[in-house]
Amino acid sequence: MDSFRKNITKAKRIVIKIGSSSLTHKETKRLDLLKLEKLVRIIADLHNSKKEVILVSSGAIAVGRAKMGLSAKMSLSKKQACAAVGQAQLISIYQRIFSEYNQTAAQVLMTKNTITNEVSRKNAENTFSELLNLGVIPIVNENDTVSTDEIKFGDNDRLSAIVAAITGADLLILLSDIDGLYTDDPNVNRNAKLIHTVEKVTDKYKHMAKSTSSSDVGTGGMAAKIAAASIATSAGCDMVIANGDDVLTISSILEGNDVGTLFVNNEDREFDINECL
503 MDSFRKNITK AKRIVIKIGS SSLTHKETKR LDLLKLEKLV RIIADLHNSK
553 KEVILVSSGA IAVGRAKMGL SAKMSLSKKQ ACAAVGQAQL ISIYQRIFSE
603 YNQTAAQVLM TKNTITNEVS RKNAENTFSE LLNLGVIPIV NENDTVSTDE
653 IKFGDNDRLS AIVAAITGAD LLILLSDIDG LYTDDPNVNR NAKLIHTVEK
703 VTDKYKHMAK STSSSDVGTG GMAAKIAAAS IATSAGCDMV IANGDDVLTI
753 SSILEGNDVG TLFVNNEDRE FDINECL
């Protein structure tokens with residue numbers, strides 16, 4: 503175990519982001535309840551070990567779309583309607599499963615305005631702090647019901663990095679549909695190599711990232727994840743991109759195993775979160 507991975511084992515405040523593609527069945531795009539239950543069990547166990555966990559969960563639009571029997575191509579207003587239906591269902595399921603493990607979960611919905619407005623950002627910071635102090639597990643998502651292009655984060659990769667930044671998290675785990683950052687797109691280049699550690703997010707890695715997602719239910723491709731890494735590491739938070747097919751990956755990461763791609767924190771004293779939006 504190298505020193506960077508060993509440092510991860512000491513993380514006390516952890517943000518976990520899981521994407522829509524990792525939460526839904528590929529064939530039906532409906533919730534994978536077995537995986538959801540495993541995810542909750544792992545988070546509950548981390549909480550029992552005195553770690554603080556914030557979950558950033560995608561899936562509201564996908565769940566609402568499946569519930570309403572709509573196709574992937576929709577107008578903004580239909581997406582917002584699906585988000586309203588799906589978010590209610592998703593948080594209800596989360597709260598029900600968390601309660602089975604004697605844990606309390608809370609819903610936190612955010613837009614870009616939450617961060618750009620200094621008063622709103624401070625209120626968000628205070629809310630997260632109080633929830634964690636009370637032993638509550640915050641479940642965060644973008645407020646897609648009211649979001650428009652002007653006030654959207656755009657993807658939950660960036661949102662999770664911003665949440666990690668404003669909460670002073672030690673570690674951000676992005677669970678996605680890919681094993682990590684590769685030297686090239688592994689779907690088209692069989693010789694692409696997985697990069698295990700990135701000590702600093704430079705232009706080299708930004709150019710290496712692809713802006714497309716392999717899933718039709720997700721919004722964040724590798725470019726979004728590199729942008730998230732830049733935010734998180736500048737705020738003093740380590741970040742790992744890993745495959746969310748098996749949520750037990752979370753435990754493996756926290757044991758210091760060489761899983762996914764680790765982006766090592768490079769805290770920037772001049773870091774300004776508004777420049778990330």
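The end of the sequence shown is residue 779 by the numbering used here, with every number in the run present.
Just so you know, even glycine gets a beta-carbon here, dropped at the ideal spot from N, CA and C.
As the structure is a computational prediction, the values presented were derived from the model and not from experiment.
For T704, the secondary structure class from DSSP, reduced to helix, strand or coil, is coil. The shortest CA-to-CA distance from G588 to any of G566, A607, I697 is the one to G566.
In this model, S524 and D748 are separated by some 9 Å (Cα to Cα).
Under the DSSP definition of a beta bridge, Y684 partners with L696. Here the alpha carbon of I556 sits roughly 10 Å from the alpha carbon of I675. Approximately 13 Å separates the beta-carbon atoms of N645 and S560; this is outside 8 Å, ruling out the contact. Take the alpha-carbon of G723 and the one of M741: they are about 16 Å apart. Taking 8 Å as the cut-off, the beta carbon of S678 is found closer than this to the beta carbon of G746.
In the three-state DSSP reduction, A731 falls in the helix class (H, G or I).
Judged by their CB atoms, A730 and R660 are nearer to each other than the 8 Å cut-off. Around A666, the same chain offers V517, L674, A734, A737, C739 as residues with beta carbons nearer than 7 Å, after the five sequence neighbours per side are excluded. A straight-line Cα-Cα distance of about 12 Å links T618 and I668. Rounded to whole angstroms, the gap between the alpha carbons of Q609 and A562 is 12 Å. Ranked by how close their Cα comes to the Cα of F773, the residues L696, T685, I664, Y684 have I664 in first place. Under the three-state reduction of DSSP output, K519 falls in the strand class. Secondary structure at V542: helix, using DSSP grouped into helix, strand and coil.
In the three-state DSSP reduction, F765 falls in the strand class (E or B). Note that the C-beta distance between A607 and Q597 is below 8 Å. The DSSP-derived three-state label of D547 is helix. For K706, the closest of Y684, L756, R623 by C-alpha to C-alpha distance is Y684.
The three-state reading of DSSP puts V610 in strand, counting E and B together. Between G758 and K508, the gap from beta carbon to beta carbon is short of 8 Å.
Within the same chain, Cβ atoms closer than 8 Å to the Cβ of V766 are found at F506, T699, V700, E701, K702, T735, D740, the five residues on either side in sequence being excluded.
About 3 Å separates the Cβ atoms of G682 and T763, confirming a contact at the 8 Å cut-off. In summary, H709 is exposed, with fewer than 16 beta-carbon neighbours lying within 10 Å of its beta-carbon over all protein chains present.
For the pair S551 and G637, the Cα-to-Cα distance works out to about 12 Å. Scanning its chain for C-beta atoms nearer than 7 Å, with the 5 sequence neighbours on each side dropped, one finds around N776 the residues T618, in chain order.
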